[in-house]
Amino acid sequence: MHQNKDGSAVENGEKGSLFLHEVESSDLDHGFPKAVGAIDSSKTDASVQELEILAEIQELQHKLWRLQSGVESNSAVDQPSESTSSKKRRLIVVSNRLPLSAVKDPETGELSFQMSSGGLVTALNGMKEEMSFLWVGWIGTPVPKEEQAAVLKRIKKKYGPNLLPVFLSEKIVDLYYNGFSNHVLWPLFHYQPLPSFREGAEKKFEMDMWHGYAEANKKFAKAITSAYKPGDLIWIHDYHLMLLPKLIRRTVPNCKIGWFLHIPFPSSEVFRTLPLRRELLEAVLSSDLVGFHTYDYARHFLSSCTRVLGLECTPKGLEFRRRFVTVGVFPIGIDPKHFESNLENPKTQKRIEQLRSMFKGQKVLLGVDRLDYIKGVPHKLLALERFFKKHPEWVGYVVLIQIGVPSRTSVGEY
Numbered sequence: 007m008h009q010n011k012d013g014s015a016v017e018n019g020e021k022g023s024l025f026l027h028e029v030e031s032s033d034l035d036h037g038f039p040k041a042v043g044a045i046d047s048s049k050t051d052a053s054v055q056e057l058e059i060l061a062e063i064q065e066l067q068h069k070l071w072r073l074q075s076g077v078e079s080n081s082a083v084d085q086p087s088e089s090t091s092s093k094k095r096r097l098i099v100v101s102n103r104l105p106l107s108a109v110k111d112p113e114t115g116e117l118s119f120q121m122s123s124g125g126l127v128t129a130l131n132g133m134k135e136e137m138s139f140l141w142v143g144w145i146g147t148p149v150p151k152e153e154q155a156a157v158l159k160r161i162k163k164k165y166g167p168n169l170l171p172v173f174l175s176e177k178i179v180d181l182y183y184n185g186f187s188n189h190v191l192w193p194l195f196h197y198q199p200l201p202s203f204r205e206g207a208e209k210k211f212e213m214d215m216w217h218g219y220a221e222a223n224k225k226f227a228k229a230i231t232s233a234y235k236p237g238d239l240i241w242i243h244d245y246h247l248m249l250l251p252k253l254i255r256r257t258v259p260n261c262k263i264g265w266f267l268h269i270p271f272p273s274s275e276v277f278r279t280l281p282l283r284r285e286l287l288e289a290v291l292s293s294d295l296v297g298f299h300t301y302d303y304a305r306h307f308l309s310s311c312t313r314v315l316g317l318e319c320t321p322k323g324l325e326f327r328r329r330f331v332t333v334g335v336f337p338i339g340i341d342p343k344h345f346e347s348n349l350e351n352p353k354t355q356k357r358i359e360q361l362r363s364m365f366k367g368q369k370v371l372l373g374v375d376r377l378d379y380i381k382g383v384p385h386k387l388l389a390l391e392r393f394f395k396k397h398p399e400w401v402g403y404v405v406l407i408q409i410g411v412p413s414r415t416s417v418g419e420y
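If you read the sequence shown in my numbering, its first letter stands for residue 7, the second for the next number, and so on.
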């Protein structure tokens with residue numbers, strides 16, 4: 007809480023707060039790699055002079071916390087030694103899914119594997135030459151306990167030792183992934199109301215989902231802590247694994263943990279409607295670094311920490327249980343070289359010429375979306391229909407090409 011010039015009080019993280027002008031979004035106090043394509047904070051509306059002053063204030067706040075907590079300014083947290091430089095450290099990437107897809111033959115029951123592509127895979131491609139990786143995640147299909155050792159051996163033989171699968175039962179997957187992650191957290195974080203507690207409701211909130219979510223996070227924690235080596239950086243991704251930082255910290259108290267959210271973090275007013283809000287926030291705050299795509303998402307997170315947990319926050323982060331948790335903004339991007347090389351492929355060039363010939367003289371609108379109810383695909387089609395009704399002269403001259411990628415087909419709403 008601070009005061010405006012007129013004496014009125016302003017909540018931390020709300021309008022009027024210093025956090026509206028946060029800078030140093032690329033500052034990584036704990037040695038975590040910078041996301042590809044991060045946006046320069048100097049492009050905000052604030053003037054250069056304001057940004058410089060705020061940067062100094064943030065650094066002073068961090069130094070003050072270090073003095074109050076007895077942390078040496080030249081400690082390993084602030085200045086990693088040469089022996090633990092980024093080139094020599096191993097990065098443990100943790101996500102719900104491994105970057106491979108497992109498909110079970112319906113007749114023989116045999117599993118086959120192939121590498122998959124996705125937003126996270128694409129974003130991390132640009133860093134694979136800089137650090138060694140261990141990627142931990144679920145393989146996408148349940149595997150009987152007696153077959154898990156053989157599956158692990160096959161994955162290591164085909165893809166090397168850098169992929170570590172987490173095995174989840176069909177029941178746990180339904181509660182953790184289809185249930186709490188995508189039935190509760192996903193819609194709430196996109197400002198959709200929580201499922202009802204009422205009997206007979208179409209969308210119902212059940213505590214079994216929470217218990218399944220916790221059990222899945224425990225299995226991830228067990229896999230990570232068994233593979234952890236001193237000096238490793240643990241980088242956890244997304245809303246599926248919000249309990250994981252706390253679970254890992256219990257076993258490896260001095261490890262370096264980062265948690266990044268790939269979706270919006272809702273305003274505190276919306277987040278406070280979640281019954282398990284306190285448990286999730288406290289677990290995430292076991293990280294050293296908490297990252298978001300935008301300033302708004304980070305501001306909402308800090309505001310929730312203040313209003314739900316009663317913590318005092320600064321633009322740079324907050325103190326939680328005698329540790330300073332840094333909160334940063336790191337817009338994730340892509341590896342441009344990968345797309346440039348695909349663009350130069352003769353097959354790609356041939357397809358481009360075919361499309362140019364097919365739509366010659368027309369305006370082409372391109373939509374690429376997952377088939378997700380929060381993506382607004384039906385609204386896009388309705389908007390185009392309205393456009394044609396208001397401007398019939400454009401009929402035949404404007405073409406919409408909509409690519410819809412199937413997503414979460416096991417979740418009823420999809």
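C-beta: ideal position from N, C-alpha, C; glycine also.
If you're wondering where the values come from, they're calculated on a predicted model, not measured in any experiment.
Under DSSP, F330 forms a beta bridge with E325. Counting other Cβ atoms within 10 Å of its Cβ, D378 reaches 16 or more and is therefore classed as buried. For L200, the closest alpha carbon among the candidates P236, F277, A304 is that of F277. Ranked by Cα distance from L253, the first of L361, E285, P272 is E285.
In its chain, beyond the 5 residues on either side, L291, L308, C311, L317, E318, F330, V331, V333 have a beta carbon closer than 8 angstroms to the beta carbon of L324. Residue range 213 to 233 is occupied by the alpha helix (DSSP H) that includes D214, with no beta strand (DSSP E) assigned at that position. Straight across, the Cα-Cα distance linking F186 with I178 is about 11 angstroms. With respect to I338, H299 sits close: the two C-beta atoms are nearer than 9 angstroms. The DSSP-derived three-state label of T354 is helix.
For the region 163 to 204, the full-length beta strand (DSSP E) segments reaching 3 residues or more read 169 to 172 along the chain. Here the alpha carbon of L174 sits roughly 16 angstroms from the alpha carbon of I161. For secondary structure counted as the beta strand (DSSP E) over 3 or more consecutive residues, the region 363 to 398 holds these complete runs in sequence order: 369 to 376.
For F277, no beta strand (DSSP E) run applies; the uninterrupted alpha helix (DSSP H) run containing it begins and ends at 274 to 277, by DSSP. Taking a cut-off of 8 angstroms for Cβ pairs, the region 401 to 412 and the region 368 to 382 touch, as three or more such pairs fall below it. Taking one beta carbon from each stretch, the region 135 to 146 and the region 96 to 110 have 3 or more pairs nearer than 8 angstroms; the two touch. Under DSSP, I409 shares a beta bridge with V374.
In this structure, the CA atom of K343 is about 10 angstroms from the CA atom of L349. Beyond the five residues adjoining it in sequence on each side, G146 comes within less than 7 angstroms, by CB distance, of R103, S107, A108 in the same chain, given in chain order. The residue among A233, P112, H385 with its C-alpha nearest the C-alpha of P167 is A233.
The Cβ atoms of H196 and I380 sit closer than 9 angstroms to each other. When the Cα atoms are used, E391 and K369 turn out to be separated by approximately 15 angstroms. A contact between stretches requires three or more CB pairs, one per stretch, nearer than 8 angstroms, and the region 111 to 122 fails this requirement with the region 254 to 267. Within a 10 Å sphere around the beta-carbon of M121 sit fewer than 16 other beta-carbons, which makes this residue exposed.
Remark: C-beta atoms of L191 and M248 approach each other more closely than 9 angstroms.
Non-local beta-carbon contacts of D214 in its own chain, meaning distances under 8 angstroms to residues more than five positions away in sequence, involve L181, G185 in chain order. One alpha carbon belongs to V383, the other to F271, and they sit about 22 angstroms apart.
It is roughly 29 angstroms from the alpha-carbon of M364 to the alpha-carbon of I340.
The alpha-carbon separation between W241 and E116 amounts to approximately 32 angstroms. The C-alpha of T279 is placed about 36 angstroms away from the C-alpha of D238.
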